[in-house]
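Protein chains in written order, with my numbering: chain H, 67 to 434; chain V, 67 to 434; chain G, 67 to 434; chain Y, 67 to 434.
(1) On the DSSP bridge assignment, give the partners of residue 273/Y in chain order.
(2) CA-CA distance, residue 276/Y and residue 133/Y?
(3) From residue 211/V to residue 243/V, what distance separates their C-alpha atoms?
(4) Does residue 281/V get closer than 8 Å to chain H when you measure Cβ to Cβ?
(5) Residues in its own chain within less than 7 Å of residue 182/Y by CB, not counting five upstream and five downstream?
(6) Among residues of its own chain, excluding the 5 on either side of residue 388/Y, which ones have a beta-carbon nearer than 7 Å to its beta-carbon?
(7) My output table needs one value for residue 116/H: the three-state DSSP class, helix, strand or coil.
(8) Which residue's Cα is closest to the Cα of residue 346/V: 365/V, 391/V and 380/V?
(9) How many Å lie between residue 354/Y and residue 307/H at the Cα?
(10) State the CB to CB distance for the pair residue 153/V and residue 114/V, rounded to an integer number of angstroms; the pair is presumed to be in contact (CB under 8 Å).
(11) Is there contact here, the segment 367-377 of chain H with the segment 394-406 of chain H, by at least three beta-carbon pairs under 8 Å?
(12) So is residue 285/G in contact with chain Y if we call contact Cβ pairs under 8 Å?
(13) Secondary structure at residue 229/Y, three-state DSSP: helix, strand or coil?
(14) Using only the alpha-carbon positions, how far apart do residue 425/V and residue 250/G sit?
(15) Cβ of residue 393/G less than 8 Å from any chain V Cβ?
(16) Would you identify the three-state DSSP class for residue 404/V, choosing helix, strand or coil?
(17) Measure the CB-CB distance between residue 365/H and residue 398/H and report whether it falls below 8 Å.
(18) Residue 266/G and residue 259/G - do their beta-carbons sit closer together than 8 Å?
(19) Bridge partners of residue 311/H, per DSSP?
(20) Helix, strand or coil for residue 383/G? Go by DSSP, reduced to three states.
(21) So, under 8 Å CB-CB, residue 369/G and residue 413/G are touching, yes? Tell me the CB distance rounded to an integer number of Å.
(22) Taking one C-beta from the segment 137-154 of chain G and one from the segment 133-143 of chain Y each time, how about it: are there three or more such pairs within less than 8 Å?
(23) Going by DSSP in three states, residue 322/Y sits in which element: helix, strand or coil?
(24) Can the beta-carbon of residue 221/Y be found less than 8 Å from the beta-carbon of residue 247/Y?
(25) Quick one: any contact between the segment 93-107 of chain Y and the segment 332-339 of chain Y, if contact means 3 or more CB pairs under 8 Å?
(26) DSSP beta-bridge partners for residue 105/H?
(27) Under 8 Å between beta-carbons, which chain G residues line up against residue 342/V? List them in chain order, please.
(28) Taking the continuous beta strand (DSSP E) assigned at residue 421/Y, which residues delimit it?
(29) Quick check: the segment 226-236 of chain V against the segment 183-202 of chain V, are there 3 or more CB pairs under 8 Å?
(30) According to DSSP, residue 353/Y sits in a beta bridge with which residue or residues?
(31) Hey, is the segment 121-129 of chain G in contact with the segment 166-184 of chain G, meaning 3+ C-beta pairs nearer than 8 Å?
(32) For residue 116/Y, I'd like the list of residues in its chain whose CB is within less than 7 Å of its CB, leaving aside the five on either flank, ordered along the chain.
(33) Taking 6 Å as the limit between beta carbons, can you name the residues of its chain near residue 104/Y, skipping five residues before and five after?
(34) Apart from the five residues on each side of it in sequence, which residues of its chain come closer than 7 Å, Cβ to Cβ, to residue 378/V?
(35) Taking C-beta pairs closer than 8 Å, name the residues in chain V that residue 157/H reaches, listed in chain order.
(36) Out of curiosity, what's the CA-to-CA distance linking residue 322/H and residue 205/G?
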């Protein structure tokens, strides 16, 4: 009888492994000198607050989608399913952890602090929490201080959500002045907050782009992943993630746009984009094709600044593909070799408000 | 303060509506004379047994996938998450019902009876249950009798699962002899049970193809839906589904194959497949193109039996598309009109073990 | 020996039928009262000018893509491959015609008149030509007059192509004043000409959107077809197309936008878009879901103007799918039935410069 | 006036560059020790025989599809469009060559010798021809000798085409005995010739898989490329291709199957497939997940031969993705590390008739 029961349980257990019957699609983004580039999503929910999936589902989705790091950030204060689900802060993390380990996903223990103020909602994610229950206090400042007390990394969520536009609200100013948070989402779900973006630089905040997913996440079409925070980490582990967040080495990638610091975006672009035939040769009055490989999963939009003899009919360096830049050699071009730089303005990569990344790739043209 | 709280709850409520931010893709399968053709999946799980989603997710997926009818069939006896989730038979149905109503999905109250026997696992789905808790008994026969007592429709699940092959096991024979079940899955998840298929006819069972999904279900690629039970119902409602199941008017559609009774499959095929140019005319020694429209979501494989002057390079009538059958008029063909039938053997539609559906479509050829 | 030769030729002939080994994907756009809605592309090239395919390829592509009408418009004056291909105006039409007949595609005999002027290139398509060679004259006006003499329907191609912007150039004014053309492309290839669009109304021109394809056309992704001219024709034949062009009953559909006359676009929208549950009922303080079916292949973008109790998280009625409009009934809503209209502004449908189509769909809400 | 004409021509020239407005999708197949792995298609047609595209289209398609090498093999004897196209052997090559150079595609000068015999059609491709016209002789043996005289590499095309099955026909035996051909297609278009496959080994032939495309080739879905001949070449150039063909270092990749010599397929597989976590550790009675990366574009089907504690629910190593092999450690497993090999039988890779490739990947399991 006991044997039967074991067989029965085994059968059901194997049945439930269906979660893993899928594959991981790499989402290549190059490392930069000195740092691993990790792909992270630091904002998501499960049935332990108001999400609609069991915690392990979040790990499986992240693995499938090519991510390296996630944080499950269930609301401390809002438990939609509390009549059915026993709520305990940190429980989602504990459930998800063994699967994360098996799949090699870095799982950051986290909570969402969820208040409202007269001015606006006040949602903050606290990462690297060690005692989530201790943060659960009805007073916002008290909760933030509790997070700080356990050395959490705290960031402000979706600053323009459910308000006409993001403002440096009183509660934000108060928390900031007390150094209770040090990062901010510039992108959440399907929304960019242009009015908040300058604060990254002005207030020296760490920038984030996160999904805030509540429902199951369907596989994303190629070239259109969920919002992702790129983390430039010394090491591919939890400590590496923490050090990078503290050092503000992140970038935000969402909706085909990339926001980051020039210091990281330039080497990232230069490792992602290479010329297949940098030594061109052509006769006067002939056409030229420059083959440009983008080995990353990020499609880049560009404008050619130089040389003048390169033009193009398309303005995209498609992800994980080779694109053509076309041009023509003038009828009157003098024979000989010229060494120039292909200067590109990367129209979807931002190194500051209104400022696009620029890049230079060495090139030579020999006119015969 | 109270006002703030209301605003806060509203905000979170609206946030959770994300579930519905998707579209429904129709999955056209034609009605047949006298009956609506409903698309159903009668086997799926949620966190109330060993599934990994909240019950409303199942309704959203079904709506998105073009289904009309579902049953959530959580195990009565196996509650994988019972340390976290308060288990109560029928609770998943109660949670899912309001969303089903809003989306126009017919939701059948159901449970899975989950036992094991010395010979094999013994899983049965009981549909149309009114008191699920009353069925929860450790003894299989007692449980099945309790289901019958509340007029449930009971079918045998995945007959060949976790056994070398399906057999008419002792517990099945006992339950069948007592008329405790009247249907059987011939297809479950990714498995067809060829050895069990003949019993549909021999034992007069109602046939089913179901997904048995535990994890979130990703959107299915066009032409490759989840396993589906087609229900030929007098009315598009719960009572219509029940009457059709009792009358054995179902078909199973899975993995590109269709199993059913000739009585339903022939009219279904003839309503799905029509000729665009049934009046051909051509000269001797010329080629012919017959354009065949398949307006259903079911791709049909075919073999041409007649007329001899039609051949083809492809053997598929693609779903929701028009395909070409090609042929040629002999050099010696006599002038005049001939009225013939295009006779097709439908290679992926089965009206019995080893027996394919055949169909005849009227056609004329005028040789000029 | 002769028999062998015949077998050999037959083998090769059958080999070449590969063209037809594909399917036609319907591209549903509803008819409107009194008229068939035909999908047309009146601008494309073959190796008989500067295109890169044999003429029959254009017919096969059109059939595959769900079109009803095409015109092959090889340049009269520019024959890129004349060293290899014997150029003869009308030859591409003659080659393509038998395949068009077999596939049920309406093929319009046509040429492109290709000149340049001091102000701008001067390209015109002449449709319904009976003697294409007679139009081949180095002088633009002479060529246009020759087209008129054979009762061609002439339209101005890509008015802003290779100029800073479209202008009512002197040669255009001269030709227009002499009634030598009566239509204009507002969309060509991947370009819309906003500055030219007002002339459709001001000059009473027939509007066109065409592909101007030169290379093989790959199958288009769902929802992103090539530029298409919708023709609202009394009959599904060549004469019907001609009468509709003369009567200016066309619309332009390209790049997710639709331009046309209110007279045709409103009934088109109202036949395409229907409510699945127009009789809503709900309690105060509850949410509402309105299910909206778009049975056409045109995705519609919308803004809700009324009623106020409907809002939405998405603004698209996806093609051949059902979308949700969501809203909520106020806590204080009075019981009873209200009959209202769902008023939509269709953001991607234009009935004039700066003017969107609006539509009203009857609806009732019963508060319980 | 002259200036205008130049502008006019320029405009048209730029217009025709549309061909290149696409991207190249890499089709990664790893190099093997000592050799570059080149992807080739040695069989295709243009309007210079019975194909339906201009020769440059074939180069553009190959570039887009990730190929490295092509041969345009127009029939010498069959010129379907000779009333319109001036036929000249070698003309397609001359037209395509400049575009191939710009895109970095290796273009092999070639023809198809197209005869028939009492027994069967007799089609041979001659690669590396220097004087194609000299091969055009009505007698098969004379033509083959002319090819040999100019040091062509000749292979037998589609051995089972238009016959009940491939046989070592008299004309084949005669040509083989005279060493007039040294390769054979085992795959052409959509057909594998199982009865011919053994001859690769028995007759020491070089094997090929080619498309034989006549119509435009649409972009191929991921994981389902056209038939491809893999060439293991010392150098990435024309001479490298020739040397590899002479040395019989090719493999055939088509329809999800791979045929080749063990000598090349084993290192190819071992470079393509790597373990992400080869040092597993687990407790008794726990589950294991082994993450297997396939960095190539070839999906591999597999059967696990060892170790016994690894099983799996899926049998595919998806292309350019990471798959899971799952297993479980026995309850009674002794503590300590065991070094074993993951032994796989690669079900879709064939090293001879009925013989699958096997591979071993080192692995360790530490039971804690």
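Cβ atoms here follow ideal geometry from the backbone N, Cα and C, with glycine treated the same way.
Predicted model, so just to flag it, every value in this text is computed and none were measured.
Quick look at the numbers:
(1) DSSP lists 250/Y as partners of residue 273/Y.
(2) For residue 276/Y and residue 133/Y, the distance between alpha carbons rounds to 12 Å.
(3) A straight-line Cα-Cα distance of about 12 Å links residue 211/V and residue 243/V.
(4) At least one beta carbon of chain H lies nearer than 8 Å to the beta carbon of residue 281/V.
(5) Leaving aside the five residues that flank residue 182/Y on each side, the residues in its chain whose CB is nearer than 7 Å to its CB run, in chain order, 188.
(6) Excluding sequence positions up to five before and after residue 388/Y, its CB lies within less than 7 Å of the CB of 342, 357, 358 and 359, all in the same chain and listed in chain order.
(7) Of the three classes helix, strand and coil, the one that applies to residue 116/H here is coil, per DSSP.
(8) Out of 365/V, 391/V and 380/V, 391/V has the C-alpha closest to the C-alpha of residue 346/V.
(9) Rounded to whole angstroms, the separation of the alpha carbons of residue 307/H and residue 354/Y is 26 Å.
(10) Yes, they are in contact, since the Cβ atoms of residue 153/V and residue 114/V sit about 6 Å apart, within 8 Å.
(11) Flag = yes, the segment 367-377 of chain H and the segment 394-406 of chain H touch.
(12) Interface residue (Cβ-Cβ distance to chain Y less than 8 Å): residue 285/G is classified as such.
(13) Residue 229/Y falls in the coil class under three-state DSSP.
(14) One C-alpha to the other measures close to 49 Å.
(15) False, the Cβ-Cβ gap to chain V never drops below 8 Å.
(16) In the structure shown, residue 404/V adopts extended strand secondary structure according to DSSP, grouped into three states.
(17) Inclusion of residue 365/H and residue 398/H in the CB contact set at 8 Å is not warranted, their separation being larger than that value.
(18) Not closer than 8 Å, so no.
(19) According to DSSP, residue 311/H bridges with nothing at all.
(20) Three-state result, residue 383/G: strand.
(21) Right, the Cβ-Cβ distance comes to about 6 Å (below 8 Å), so this counts as a contact.
(22) The answer is no - the segment 133-143 of chain Y does not touch the segment 137-154 of chain G, with fewer than three Cβ pairs under 8 Å.
(23) Looking at residue 322/Y - three-state DSSP - the assignment turns out to be coil, as it is neither helix nor strand.
(24) Using a Cβ distance threshold of 8 Å, residue 221/Y and residue 247/Y count as a contacting pair.
(25) Yes, the segment 93-107 of chain Y touches the segment 332-339 of chain Y.
(26) In DSSP, residue 105/H forms a bridge with 296/H.
(27) Per Cβ cutoff of 8 Å: 170.
(28) In this chain, the beta strand (DSSP E) harbouring residue 421/Y covers 421-433.
(29) Contact holds: three or more Cβ-Cβ distances are below 8 Å.
(30) DSSP links residue 353/Y through a beta bridge to 394/Y.
(31) Contact between the segment 121-129 of chain G and the segment 166-184 of chain G is present: 3 or more CB-CB pairs across the two stretches fall below 8 Å.
(32) In the same chain as residue 116/Y, and ignoring 5 residues on each side of it, the C-beta atoms closer than 7 Å to its own belong to 141, 144, 146 and 280, in chain order.
(33) Around residue 104/Y: 134, 135, 297 and 299.
(34) Closer than 7 Å at Cβ, skipping near neighbours: 370, 391 and 392.
(35) Result: 150.
(36) Cα-Cα distance, rounded: 49 Å.
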